[in-house]
Structure formats: structure tokens, C-alpha cells
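Below is one structure; the comments refer to it alone.
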DNA sequence: ACATTTCTGTTGTAATTACAACATTATGAA
DNA sequence: TTCATAATGTTGTAATTACAACAGAAATGT
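Chains as they are written, first to last, in our numbering: chain A, 69 to 293; chain B, 69 to 293.
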């Protein structure tokens, strides 16, 4: 547990909680760590959620598969981020998405009820925890809305540039890495992979964009383009 | 205030709170009611949010306008539903959407900080209020995800049928009213209005769908189509 | 009832996309 | 290294869409 303290300290959920208090709180939350290999289900669609997950290492994807097995990527999951929190708040509804490891990773699970109901010991920080949890759910909301912003654009070019300029802004740099390969990016934006590749080539030819693998550089001022 | 008690009782936020306690709580929450005419801003993009809104009567829309004034509808707002709750949880970030009345309506505003911080009086129900607030944010999350599900479909026909079958399911009936006119539905699904009308006509010709104004009937078993 | 405005449906065309099929380039294992 | 496999890029075509322009219907105000 100690090895992940630096991640926990930086996480939104434990923001403002003294490091020495965190491990005490983890006890209260019945926290346990599980390891996953690449491409494993961390959470499976249909599960009833009672624990909130937090990625400690590696990377994961939140995905949704429709009736015919067509896969959509809802979001990437980075270390320090919680997931399944929405469904933990509505325990009567089974989760309608899956969380899958995109590399080897470690995941912390915490009992939702113990986040919600004040415990006897670390109560000073419990209020803070609850506030942080609220703001984490709210942030999830923002990322969903942001994704919708990209998807609502009409052309592949607009969708891609909307996504990339948002990533650029997030990273405070015109050069940045994205957490997706080509197929994943296509599944995230709900477009065809080959059409995406094609459009990327054009943008590169036009000098708007440079890329190599997952590293992109946006030229000039293409914000909200 | 009394005239809206039936709405408040049925709302998610006050679910499980005794009716006689509700008005006491409204005091604690510094609740006040404002009236809006049709097409007025209830909340304006760029505002800093400290109050949570709840629609008491009429209908409203949560919209987003991009750089070039292109309007997207994020969600409709029905009586009893709260809004702006996401940004109330992250008060440092200005809201990036607007809420506009779609008819005359009354709106209840409640101080977010007083929802979060337990007050001295009605404390028994305050825990319940907090839980309900959490579940309301979570439900917002579900509606956003559901909208993304529709938008992620590749053709107008699929998007429309995905939306309509979800509405049918929500209403537990193959005949149901939707809260949008044609232009609004197009803005909600991010498609062209005339192309939407065109596709609707085809679906009607094919006997898959019947509609008149905002009332739709889905024939046979078109679920997740 | 009338005029005006808004909403909805229709059609044609140019632009865009999905899809398939294949070429090229990485990646990883033996 | 060599082979096999996965990831990415390229191209052509059929399908779909956006957009504009317009017609008819419905709603609204006077």
C-alpha cells in the first residue's frame, strides 16, 4: 500500500488529506488492491457496484458495447482517477459499461457505503473525503460533456481537432501524448479508423498537425477548431 | 412555496424527506423562487455557480454554444429535476453551458454550501438530502452517457431509433411524447434538421414509426435499433 | 378571419463518410 | 535475425449527410 501513497496523495479523492491520515482512512474504507494483466475486465457490464475503484498504476479504458458488440470508448482512466463512482451512487441499477485494463495495472477498491457514512475514527478528514468525492463525480460529468462536444462536431476533421486542441489545452502544450492508439481514438470519437487515418494525413500535409505514434503537435493556433 | 410542494415531494432531491420537513429545509437552504418567461436565460454560460437550481414548473433546456454560435442541446429539464449541480460542486470553474426556459417556468434556487454543510436544525434529513444529491449527480451522469449512446451511432436512422426506443422504454409505452420539436431534436442528436425530417418520413413509410407533432409511436419491437 | 411568423417536410447536389481491400510499417516472439 | 502478427496508412466506391432553397402546415398575434 505504501508504494502507492504518492499516487493517492495526488489524487482528487484524497486531496487535502494529510498523508499519514490516508492509510488510516483506507482501513476505514475497507480498501483492497487487486492486480490486473493487460486486457482484463476490471469491471464487467451488468455488475452491481458497491465499491469505487481507483487506478493506482497502468492504464485502463471505460467501454460500452452495444447489442451487436460494437465497442465505444467512454473514457480513458489514468492513475489517481476513480471509476464506477456513478453506479456506486445508484446501487439498484447494474452498471452498463465495462472497465478494461489497457496495460498491467493495480486497482484500489473502496467500499462506497463507508465513503458515504461517517465513521468513528478519521472523522476530521471524512467531510473532506465526501467533498472530494462529490467533486470527482462532478469532474466525471465534465469529461463526459467534453467528449460530447467533440462528438457533436459534424466532420471527422472537426471532431479530431476539437479533441486534440482540448488535449493540448489540458497538457498546457502544443505537443502532447494521447492515451489512445488509432483504433481507440476512432472508437472514442465514434468514427471509422481508416477515415481517421486519412484525415490525419491530410492535416499533416496541410501543416496543421504533426504526429508520430501517440505524440501529436498542433501547429499555430488551432483552438476549438 | 406551498403550491410546489407536490413537485418537491416527487423530486429525487427530497425523496424520503417528510413533506412537513421540506419547507423547514428550504429555509436552511436559503431557497428562493424566480419566475422566467419563455426563452430567458436561467443560467448563462460563464457564470460562477453557487446555487443549485430545480425546475418547479414549465420546461427548460441545457444548451451549449460553440465558438461560432452553433447550438447543441445537452439535455431537457423537467419539473423536479435539479440543474447546474455539477458546477456547484466545482465552484472555481465557470459553467460552460446555459440553461434556457423553453416555456414560462418557475425555478427554485438553493445554496449549494448549505446542502453540503450540515445545519443545526433539520439534521435528521440532512444526511438523506446529501445522499439524494449524490444520486442526482449520478443520474445526470447516466443521462449524459445515454445521450452519448445515441450520438455514437453512425447513421441518422440509428441515432433516431436509439433515442426513440430509449424514450419509449422510459415511458413504458410504445406511444410517448418527446420534449423536443424537430429543430431541438436535431440539435440534441447533432444532426441536420431537414435530414432528420427526411429520415422520419422514410421510417413512417416503412411502417416502423408513426408520429404527429411531438407524439411518437414505435411499431413492433424496435429496441436498441 | 387575416396576416405574419414559425415549424415541418421535400428535394437536389456537393461534400463527407463508412467500408472493404490492400500496402506499409511497427512490434514481439522464437 | 526471421517470421508472424498487429497497427497504421492508402485508395476507391457506394452510402449517407449537410446544406440550401423552397413549399405547405401550424401557430400566433391583431
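Glycine included, every Cβ here is placed at the ideal spot set by N, Cα and C.
Asked	Found
With a cut-off of 8 Å, does the C-beta of residue 128 of chain A fall near any C-beta of chain B?	no
Residues in its own chain within less than 8 Å of residue 265 of chain A by CB, not counting five upstream and five downstream?	250
Identify which residue in A/74, A/93, A/232 and A/113 has its Cα closest to the Cα of residue 162 of chain A.	A/113
Counting C-beta neighbours from all protein chains within 10 Å, is the total for residue 185 of chain B 16 or more, i.e. buried, or is it exposed?	exposed
How far does the alpha helix (DSSP H) with residue 256 of chain A in it extend, from its first residue to its last?	250-257
So which residues of chain A does residue 203 of chain B contact, with C-beta pairs closer than 8 Å?	157 and 158
Starting from residue 165 of chain B, trace the beta strand (DSSP E) in both directions and tell me its first and last residue.	Unbroken run through residue 165 of chain B: none, as it is neither H nor E.
Under 8 Å by Cβ, that's how I've got residue 174 of chain A and residue 101 of chain A pegged, so tell me the actual separation to the nearest angstrom.	6 Å
Okay, do the stretch 196-209 of chain A and the stretch 197-217 of chain B touch, 3+ Cβ pairs below 8 Å being the bar?	yes
Excluding the 5 residues flanking residue 258 of chain B on each side, which residues of the same chain have their C-beta closer than 7 Å to its C-beta?	140 and 219
Let me see if you follow: with CB-CB separation under 8 Å, is residue 122 of chain B close to chain A or not?	no
Of all the options A/263, A/245 and A/229, which has the alpha carbon lying nearest to the alpha carbon of residue 214 of chain A?	A/229
Going by Cα to Cα distance, which pick from A/91, A/171, A/231 and A/146 is closest to residue 109 of chain A?	A/171
Tell me, please, which residues DSSP counts as bridged to residue 139 of chain B.	B/133
Let me see if you follow: with CB-CB separation under 8 Å, is residue 146 of chain A close to chain B or not?	no
Residue 278 of chain A lies in the beta strand (DSSP E); which residues open and close that run?	277-280
What residues are listed by DSSP as bridge partners for residue 285 of chain A?	A/243 and A/278
Hey, out of B/274, B/121, B/199 and B/224, whose CA is closest to residue 178 of chain B's CA?	B/121
Is there a Cβ from chain A that is less than 8 Å from the Cβ of residue 343 of chain B?	An answer regarding residue 343 of chain B cannot be provided, because it is not within the stretch 69 to 293 covered by chain B.
Are there 16 or more other CB atoms within 10 angstroms of the CB of residue 195 of chain A, so buried, or fewer, so exposed?	exposed
So, residue 165 of chain B versus residue 132 of chain B, is the Cβ gap smaller than 8 Å?	yes
Are the C-beta of residue 199 of chain B and some C-beta of chain A separated by less than 8 Å?	yes
In the DSSP assignment, what residue or residues form a beta bridge with residue 115 of chain A?	Its beta-bridge partners do not exist; DSSP assigns none.
Looking only at its chain, what residues have a beta carbon closer than 7 Å to the beta carbon of residue 103 of chain A, apart from the 5 residues adjacent to it on each side?	174
Residues in the same chain with beta-carbon distance under 7 Å from residue 107 of chain B, minus the five sequence neighbours each way, listed in chain order, please.	168 and 169
Could you round the C-beta distance between residue 158 of chain B and residue 145 of chain B to whole angstroms and report it? I think they count as a contact, below 8 Å.	Going by Cβ atoms, the distance from residue 158 of chain B to residue 145 of chain B rounds to 20 Å, so no, they are not a contact pair.
So, for residue 256 of chain B: in the same chain, excluding its five sequence neighbours on each side, which residues have a beta-carbon less than 7 Å away from its beta-carbon?	141 and 248
Mind checking residue 227 of chain A: buried by the 16 CB within 10 Å criterion, or exposed?	buried
What are the residues in the stretch 248-279 of chain A lying within 7 Å of chain B by C-beta distance?	258
Going by C-alpha to C-alpha distance, which of A/136, A/201, A/138 and A/147 sits closest to residue 156 of chain A?	A/201
Using a beta-carbon distance below 8 Å, is residue 178 of chain A in contact with chain B?	no
For residue 121 of chain B, which beta-bridge partners are listed by DSSP?	B/151 and B/177
Specify the secondary structure class of residue 99 of chain B as computed by DSSP and reduced to three states.	coil
Please name the residue, chosen from B/75, B/98, B/143 and B/138, that lies closest to residue 123 of chain B on a Cα-to-Cα basis.	B/75
Quick check on the burial criterion: 16 or more other C-beta atoms within 10 angstroms. Buried or exposed for residue 263 of chain A?	exposed
At the level of alpha carbons, what is the spacing between residue 268 of chain A and residue 278 of chain A?	9 Å
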